[in-house]
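Data first, discussion second: the structure below is written as structure tokens.
What follows is the structure, encoded as structure tokens:
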């Protein structure tokens, strides 16, 4: 007689991630599988937006996770390995092991994900499968017949050769892994992507790993929560319930969760919510720097994955010896006037990837000399940011004013007394407000006085009075930097 506990544990389909070096045929393989599968073909463009899709192979369901190929998205590829039950490592028969191949091998091994090697492009005249096997052995991937137990198969996404056999290997590996789920458990899974859709609002792509996901469920992560108002399968069809290994689109979050976070869903108690919050580290939005010149950035992107990739690439930009970077804010969505106000208050530069600045934001930024660097292409954006930071480092300080007295504030203007300790201060000039080593905002000198008389400029060593326009509350000891 079968026990009640055993009844709760049911078989689930495998979640598969395809990883490997860029241009080694990952996308071609996924496209071939998608185009030759009836279920996945119906998905069309929706597959690209959700980042995952399902196929049926010999009556067996398989879920594939798609991950971007650009090196900036390496964290997303690593995350894919952790989410997946089975990995497919693609290695081109005409090239062999490359840097991203090694990265993928490490991610699969670190996450202890069982994987199969797909040797791609076997239709090419210079394909050398034996060399590939030796390359893999040298990199710790021990194939069947080469001292190990890792399965492999040669394939061509051009002719379709070997792809059915590769799918057979996936089904066989899934049977060996004996993948199960608890039908009585809360819904558990991972956030694949999150974005602010102009038409639909906060849209979150998830993959379910345990339990079930139902319309009306409370859903929560360490940083976001909500109630599922719309639940769609990977085809974009509205459904009332989904089961494990299914990719889904969820609408109903009150704020955007971070990509890669675990979620919990169901009829949740306070204890359940505390449990998930204690398990996961919440990413801090402000990253401090100890350098002399601190450049503050506000990042905006179309989706959470892009935001993470942008942040990682900016961290790799070479800076001047005395320069450091602080991320003041990172969020999804177009650049609005609120972002510019934050930039004014903190002295930040706004970096946008695949987003637009609305007219109000553009005008406010122009009036307050706030830099907005924006592009649809990540290579171009990083080059533009790098060039801007280089020029910023080379832009010499014209003047340094030390605040010795604050006399009052009225309607966004403050009367300041102090001394020019270096260079010159000029009337009608924009200045950076410095507290210690940090630039904490900007202001404009709208009146400059020396000996109670209006002055065009005041030079080093002289005391003067400044009427400053700006939102930052000035304190004794602050410095005004003129560049």
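Residue numbers (the working numbering): 3 to 485. Glycine included, each C-beta is placed from N, C-alpha and C at the ideal position.
Closest in C-alpha terms to residue 458, from the list 426, 318, 238, 190, comes 426.
Counted as a single uninterrupted DSSP element, the stretch harbouring residue 34 is not any beta strand (DSSP E) but the alpha helix (DSSP H) occupying residues 28-37. Where residue 230 is concerned, there is no enclosing alpha helix (DSSP H), although the beta strand (DSSP E) around it starts and stops at 227-234.
A buried status is given to residue 312, since no fewer than 16 other beta-carbon atoms sit within 10 Å of its beta-carbon. Annotation: residue 111 to residue 478 spans about 56 Å, alpha carbon to alpha carbon. By the CB criterion at 9 Å, residue 91 and residue 118 fall inside the cutoff. Separation of the CB atoms of residue 410 and residue 484 is rounded to 23 Å, and the pair is thereby denied contact status at 8 Å. Going by beta carbons, residue 456 and residue 430 fall outside the 9 Å limit. For residue 421, the secondary structure class from DSSP, reduced to helix, strand or coil, is strand.
Out of 206, 321, 54, the CA that lies nearest to the CA of residue 388 is found in 321. Taking the Cα positions, residue 143 is about 8 Å away from residue 107.
Put simply, the segment 169-184 does not touch the segment 218-226. Fewer than three CB pairs are less than 8 Å apart. Distance between residue 160 and residue 235, taken at the CA atoms: about 29 Å. Shortest Cα-Cα distance from residue 304 to any of 209, 205, 384, 253 involves 205. Scanning its chain for C-beta atoms nearer than 6 Å, with the 5 sequence neighbours on each side dropped, one finds around residue 461 the residues 426, in chain order. The secondary-structure analysis by DSSP pairs residue 89 across a beta bridge with 19, 117. Just measuring C-alpha positions, the residue of 440, 245, 138, 318 sitting nearest residue 149 is 138. Around the beta carbon of residue 38, fewer than 16 other beta carbons lie within 10 angstroms, which makes this residue exposed. Per DSSP, residue 129 lies in no beta strand (DSSP E) segment and is marked neither H nor E. In terms of CA proximity to residue 127, 95 leads the group 64, 95, 340, 100. Counting C-beta pairs closer than 8 Å gives three or more between the segment 362-377 and the segment 336-351, which meets the contact rule. The DSSP-derived three-state label of residue 110 is helix. Less than 9 Å separates the beta-carbon of residue 57 from that of residue 35. Look at residue 239 here: in three-state DSSP terms it is coil, with no helix or strand label. For secondary structure counted as the alpha helix (DSSP H) over 4 or more consecutive residues, the segment 361-443 holds these complete runs in sequence order: 361-369, 380-396. One alpha carbon belongs to residue 443, the other to residue 373, and they sit about 13 Å apart.
Buried is the label assigned to residue 207, since at least 16 other Cβ atoms lie within 10 Å of its Cβ.
According to the DSSP secondary-structure assignment, residue 446 is paired through a beta bridge with 432, 471. Residue environment analysis places residue 214 among the buried positions, since at least 16 neighbouring C-beta atoms fall within 10 angstroms of its C-beta. In this structure, residue 352 sits away from residue 329, with a CB-CB distance that is not shorter than 9 Å. Taking C-beta atoms as the reference points, residue 445 and residue 470 count as a pair closer than 9 Å.
Just so you know, the alpha carbons of residue 169 and residue 325 end up roughly 51 Å apart.
For residue 249, the closest alpha carbon among the candidates 194, 296, 257 is that of 194.
DSSP, reduced to helix, strand and coil, places residue 158 outside both helices and strands of the structure shown, so it counts as coil. Our two residues, residue 99 and residue 140, have alpha carbons roughly 10 Å apart in a direct line. In the displayed model, residue 317 falls within a helix according to three-state DSSP.
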